[in-house]
């Protein structure tokens, strides 16, 4: 049996390595903290391996105005190199560069970026832009990327992004959040329609691990909203969730939070 939290960490590690999570199935028995440590060590090693090249590009960017730097970046620089450069240059210059990038290219850069290395840059991106990029990343199913950005975006940007996600997307993003403390913030922002859609998505797509993780991290107050919506859910959704709990796919603790 996979220890709690390990599945999410394996998914994040797979993203860092550029492989499908099934390739890392052999790690399923490891504690979540061990997988998290391994992911951090690998991410640091990958970053340090090419750091001299990133540093040179960051130094060159200082001599070029933001608008011109953005045009040159999109024309000549792969998204990964642009992401690492943005992580190394002064935050105010990175913000200026990001401001001039097209939405499509910025989504490419975001998918390659470690948001924790560019926290000031991410926090300075305007809320509407975050929502636009978030929607594009969700379309690409970049759940791990979005989960990393949620920990860094401003409160207005988080609110704007949450509005564009559907129930299935919210479940998948919540599962891989870097900062689980923000789940309460997200749950405060979601609508009843989105909560209903989360329950339907869990039933339709078998997202029991994701639903289990969400309920495990919600405060009693926030879980109360889920309980209210579960009571109003369609019979087939209720039956699917109860059946998942009876079969062991969903924990009895989660079912209790939905029914107590």
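Residue numbers (my numbering): 24 to 283. Even for Gly, the Cβ is constructed at its ideal location relative to N, Cα and C.
Of the residues the options, the one placed nearest residue i, counting alpha carbons only
{"i": "residue 52", "options": "278, 37, 33, 68", "result": "33"}
{"i": "residue 102", "options": "112, 272, 278, 131", "result": "131"}
{"i": "residue 194", "options": "88, 226, 175, 176", "result": "226"}
{"i": "residue 213", "options": "54, 182, 142, 28", "result": "182"}
{"i": "residue 66", "options": "210, 107, 30, 241", "result": "107"}
{"i": "residue 173", "options": "134, 162, 30, 205", "result": "205"}
{"i": "residue 197", "options": "273, 230, 159", "result": "230"}
{"i": "residue 123", "options": "136, 95, 99", "result": "95"}
{"i": "residue 210", "options": "177, 224, 244", "result": "244"}
{"i": "residue 155", "options": "187, 283, 39, 241", "result": "187"}
Coil, strand or helix - residue i by DSSP
{"i": "residue 202", "result": "coil"}
{"i": "residue 171", "result": "helix"}
{"i": "residue 188", "result": "coil"}
{"i": "residue 310", "result": "Since the first residue of the chain shown is 24 and the last is 283, residue 310 is not available in this structure."}
{"i": "residue 164", "result": "coil"}
{"i": "residue 110", "result": "helix"}
{"i": "residue 159", "result": "helix"}
{"i": "residue 154", "result": "helix"}
{"i": "residue 256", "result": "coil"}
{"i": "residue 124", "result": "coil"}
{"i": "residue 149", "result": "coil"}
{"i": "residue 277", "result": "helix"}
{"i": "residue 270", "result": "helix"}
{"i": "residue 51", "result": "coil"}
CB contact flag (residue i, residue j, <8 Å)
{"i": "residue 152", "j": "residue 110", "result": "no"}
{"i": "residue 105", "j": "residue 148", "result": "no"}
{"i": "residue 217", "j": "residue 190", "result": "yes"}
{"i": "residue 42", "j": "residue 50", "result": "no"}
{"i": "residue 133", "j": "residue 97", "result": "no"}
{"i": "residue 278", "j": "residue 268", "result": "yes"}
{"i": "residue 280", "j": "residue 238", "result": "yes"}
{"i": "residue 144", "j": "residue 118", "result": "yes"}
{"i": "residue 62", "j": "residue 39", "result": "yes"}
{"i": "residue 157", "j": "residue 184", "result": "yes"}
{"i": "residue 219", "j": "residue 252", "result": "yes"}
{"i": "residue 192", "j": "residue 142", "result": "no"}
{"i": "residue 240", "j": "residue 203", "result": "yes"}
Contacts around residue i, its chain only, beta-carbon distance under 6 Å, and the 5 residues preceding and following it disregarded
{"i": "residue 5", "result": "Not covered by the structure: residue 5. The range shown for the chain is 24 to 283."}
{"i": "residue 138", "result": "145, 171, 172, 175"}
{"i": "residue 207", "result": "242, 245"}
{"i": "residue 274", "result": "235"}
{"i": "residue 256", "result": "222"}
Own chain partners of residue i with C-beta closer than 8 Å, once the 5 adjacent residues on each side are dropped
{"i": "residue 31", "result": "55, 198, 199, 236"}
{"i": "residue 87", "result": "95"}
Beta-carbon contacts of residue i that lie in its chain and below 7 Å, excluding the five residues immediately before and after
{"i": "residue 71", "result": "none"}
Which runs of the alpha helix (DSSP H), 4 residues or longer, sit entirely within the stretch 203-248?
-> 205-212, 215-228, 231-240
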